[in-house]
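Novice:
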Amino acid sequence: MTHLVPGDARYPSLLAAIPSPPALWVRGALAGDDALAVAIVGARRATAYGLEVAERLAADLAARGVTIVSGLARGIDTAAHRGALAAGGRTLAVLGGGLDVVYPPENRGLARVIEGQGAVLSQFAPGTRALPGHFPARNRTIAGLALGVVVVEAAERSGALITASLAGDLGREVFAVPGRITSAASAGTNGLIQDGAKLVRCWQDVVSELPEPWRRAVREAPAGEAASAPDAASAEGRMLALLAPDEARHIEALIARGGLDPARTGAALVSLELGGWAKQLAGQRWVATAPRTRRA
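Quick note on our numbering: the sequence shown kicks off at 1 and runs consecutively.
1) Can a CB atom of chain C be found closer than 9 Å to the CB of A9?
2) Which residues mark the beginning and the end of the beta strand (DSSP E) in which I142 is found?
3) Would you please state the rounded distance, in angstroms, between the beta carbons of E212 and A187? I believe it to be under 8 Å.
4) Could you spell out the range, first to last residue, of the alpha helix (DSSP H) harbouring V113?
5) Taking 6 Å as the limit between beta carbons, can you name the residues of its chain near F236, skipping five residues before and five after?
6) With respect to the alpha helix (DSSP H) encompassing W203, which residues constitute its N-terminal and C-terminal limits?
7) At which residue ranges does the region 11-75 contain complete beta strand (DSSP E) runs of 3 or more residues, listed in the order of the chain?
8) Just to confirm before moving on: does the CB-CB distance between I40 and V149 stay below 9 Å?
9) Taking the alpha carbon of D33 as the reference point, which residue from R216, T189, G42 and F124 has its own alpha carbon closest?
10) Could you check whether the region 103-113 touches the region 1-9, counting it as contact only if at least three pairs of C-beta atoms, one from each stretch, sit closer than 8 Å?
11) State the DSSP-derived secondary structure class of E212, mapped to helix, strand or coil.
12) Return the chain-ordered list of same chain residues with a C-beta closer than 6 Å to the C-beta of A16, the five sequence neighbours on each side being excluded.
13) Write down the C-beta distance between A54 and G28 rounded to the nearest angstrom, noting that I regard them as a contact closer than 8 Å.
14) Candidates G196, A278, V101 and V200: which alpha carbon is nearest Q123's?
15) Could you check how far apart the C-beta atoms of A278 and L254 are, in whole angstroms? I think they sit under 8 Å.
16) To the nearest angstrom, how far is it from the Cα of R285 to the Cα of G171?
17) Assuming contact is defined by CB atoms lying nearer than 9 Å, are I162 and G71 in contact in what I supplied?
18) Got a sec, what are the start and stop residues for the alpha helix (DSSP H) E252 sits in?
19) By the three-class DSSP mapping on this structure, what secondary structure does R179 have?
20) On the premise that I76 lies in contact with E153, defined as a C-beta separation below 8 Å, what is that separation, rounded to the nearest angstrom?
21) Spatial neighbours of D205 within its chain, please: C-beta separation below 8 Å, excluding the five flanking residues on both sides.
22) Are the region 88-98 and the region 127-144 in contact at 8 Å, needing three or more beta carbon pairs?
23) Between L30 and L14, what straight-line distance do the alpha-carbon atoms span, to the nearest angstrom?
24) Below 9 Å between beta carbons: does that hold for T67 and V38?
25) To the nearest angstrom, how far is the alpha carbon of A125 from that of P245?
26) Who are H81's beta bridge partners in DSSP?
27) Do L57 and W214 have their CB atoms nearer than 9 Å?
28) Just to confirm before moving on: does the CB-CB distance between A46 and A185 stay below 9 Å?
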């Protein structure tokens, strides 16, 4: 775990530019290229539409060298992190509590994967619980780390809307994905568009609004390639051998049969899901799937 303060050469340059930037605790590694970053946030109780859009948008941007910033919350945040990782890109997760108190607890495995392909950050000291009062400050940090904030789904009163408002206050771009006018989950995003947020239909809509130097930094996506099967002796391989496409297995059964501790089991399953080899169903049940290719 690294502790960074403003003025440190490793401190994120975009965040350093905002008034009163916070000190950060970091797990993983920050990179200079993380200055080309877009935040994707939204509802915890997201719809299938919102989850699909968030994951695809994150993957499309990450495949082109854009770092995806989000808050590791349930719903849209989780989908955004997964999309970035699945595309082989970088992602930063900003917590509302200490780095050793990952919330929600089911995302502990995802946090470990993010550490290897980006970083998990917090402005709160280790041991600090993720209390409701912490999230406005955390949302400001998310906005400060990014060139712009994309809200995928949000009700009329939502933390994601607070993040969007903070982004506007900091001079960052605000984007929103439109949704059905009858959907409560899209009431906030549709309202943002009505108030002047940039409407997002695809990754190009985001990149086209970035300042010119950053648009030039966006690279072409690599050609699609098949995911490599995990080594049979690895933790991922051991988990995959226990999964079947037509019979869901509960995570407790996989822990018992796989001989791995719960944290390692969770991390292995997340890695399989990101590679397209497994999928999590409701109730922490898992099935095997056909591997997907990276989007071009």
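Backbone N, C-alpha and C define an ideal beta-carbon position, used for all residues, glycine too.
Specialist: Well, looking at it:
1) Of the protein chains in the structure, only one exists, and it is not chain C.
2) Per DSSP, I142 belongs to no beta strand (DSSP E); it is in the alpha helix (DSSP H), F135 to G144.
3) That pair is no contact at about 34 Å.
4) R108 to G116
5) Per the sequence shown, residue 236 should be read as Glu rather than Phe. Taken in chain order, the residues that qualify are P230, A268, S271 and L272.
6) W203 to V207
7) 24-28, 37-41 and 67-70
8) yes
9) R216
10) no
11) helix
12) P6
13) With 8 Å as the limit, A54 and G28 do not qualify as a contact, their Cβ atoms being about 21 Å apart.
14) V101
15) At roughly 10 Å, the Cβ-Cβ gap does not stay under 8 Å, so A278 and L254 are not in contact.
16) 43 Å
17) no
18) I251 to G258
19) Before going on, a small fix: residue 179 reads as Gly here, not Arg. Coil at G179, not helix or strand.
20) 6 Å
21) F175, K198 and L199
22) yes
23) 12 Å
24) yes
25) 42 Å
26) None, per the DSSP bridge assignment.
27) no
28) yes
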